[in-house]
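Colleague: To convert, take the position in the sequence shown, counting from 1, and add 245; that gives my numbering.
Before I ask anything, let me first share the structure, which is written out below as structure tokens.
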Amino acid sequence: MYKVAICDDNPADLQLITDYLTEPEFHYPLELSSFHDGVELAQAYKKEGQYDLIILDMMMDRLNGIETALKIRKVDQNVAILIVTATVEYAIEGYKINAARYIVKPVSKPEFQKITKNIFASIDKKRGGLLPFSQQEWDYRHIHGRYLLF
246 MYKVAICDDN PADLQLITDY LTEPEFHYPL ELSSFHDGVE LAQAYKKEGQ YDLIILDMMM
306 DRLNGIETAL KIRKVDQNVA ILIVTATVEY AIEGYKINAA RYIVKPVSKP EFQKITKNIF
366 ASIDKKRGGL LPFSQQEWDY RHIHGRYLLF
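And the structure:
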């Protein structure tokens, strides 16, 4: 299971990214959390802890993406950050906060899913190649099938 936070102040963009991640053919077990601004995300991160991936817009009103990422980096140096924004203006700053990738909107589904799969592969390598399952997921796969395909 991958814990993913999506942070974008534009409801349409937030929904589009959510749709890309939850399509049945995407085949990744996800726990998604949505945030409408960087302040919400930074506060939740302090309270609730770790995510595997943060998908972050740069141009937000209360706390922009760079400021949000800096707050998160103070408590978590390892979380993967995928910047998805409407301008290349913050590209250099995005890499200063150690973003995994920087994508300019509008984002096509194939491009987004390919990049996200690559980030998940990188996360898996850091975990030692193991995809963590909950006990319930493992029991279901163990009982109802002989092979696990990824």
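The C-beta atom is built at its ideal place from N, Cα and C for all residues, glycine as well.
Keep in mind it's a predicted model, so treat the numbers as computed, not measured.
Quick one: what's residue 247 bridged to in DSSP?
Modeller: The residue labelled residue 247 in the question sits at position 2 within the sequence shown. For residue 247, which the question treats as bridged, DSSP gives the partners 275.
Colleague: Check the DSSP bridge columns for residue 348 and list the partner residues they point to.
Modeller: In the sequence shown, residue 348 corresponds to position 103, counting from 1. Beta-bridge pairing links residue 348 to 329.
Colleague: Is the stretch 272 to 292 close to the stretch 334 to 341, with three or more CB pairs under 8 Å?
Modeller: Flag = no, the stretch 272 to 292 and the stretch 334 to 341 do not touch.
Colleague: Would you grab the beta carbon distance between residue 327 and residue 346 for me? Rounded to a whole angstrom, and I think it's under 8 Å.
Modeller: One-based indexing of the sequence shown puts residue 327 at position 82. One-based indexing of the sequence shown puts residue 346 at position 101. Confirmed, about 5 Å.
Colleague: Mind checking whether residue 359 and residue 258 have CB atoms under 8 Å apart?
Modeller: Taking the sequence shown and counting its residues from 1, one reaches residue 359 at position 114. Taking the sequence shown and counting its residues from 1, one reaches residue 258 at position 13. No, these two residues do not count as a Cβ contact at 8 Å.
Colleague: With distances taken Cα to Cα, identify the nearest neighbour of residue 304 among 263, 368, 281 and 261.
Modeller: Locating residue 304 in the sequence shown gives position 59, counting from the first residue. Cα-wise, what sits closest to residue 304 is 281.
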